[in-house]
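Take a look at the structure set out below.
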Amino acid sequence: MEPTTMMADLTLSDELQDVDLGDKRRNERYVRIAGRLAAQPDKSIPDAMENHAEVEA
1 MEPTTMMADL TLSDELQDVD LGDKRRNERY VRIAGRLAAQ PDKSIPDAME NHAEVEA
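Okay, so the sequence shown: first residue is 1 according to full-length UniProt numbering, each after it adds one.
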């Protein structure tokens, strides 16, 4: 994971700590994907994600 993505993940983790999507794994995925998008706002969703599963999520 790139440092900018890690920093965005940490910041968003604080802001989104109360999110409840009904499953801990969904909550974590939501924060991770939001972090990737925040770290690379100029990229499309497929380009910002690490793999196809994240694009689909």
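Even for Gly, the Cβ is constructed at its ideal location relative to N, Cα and C.
All figures in this text were calculated on a predicted structure; none of them were measured in a lab.
Extent of the continuous alpha helix (DSSP H) to which residue i belongs
{"i": "residue 31", "result": "24-39"}
Whole-number beta carbon distance between residue j and residue i, since they are thought to touch under 8 angstroms
{"i": "residue 38", "j": "residue 12", "result": "6 angstroms"}
Proximal residues to residue i (C-beta, below 7 angstroms), its chain only, five neighbours per side dropped
{"i": "residue 57", "result": "29 and 33"}
Close Cβ partners of residue i (< 8 angstroms) along its chain, the five nearest in sequence each way excluded
{"i": "residue 23", "result": "none"}
{"i": "residue 55", "result": "45, 46 and 49"}
{"i": "residue 19", "result": "27, 30 and 31"}
{"i": "residue 21", "result": "27 and 30"}
Cut-off 6 angstroms between Cβ atoms - residues of its own chain near residue i, not counting five sequence neighbours on either side
{"i": "residue 40", "result": "48"}
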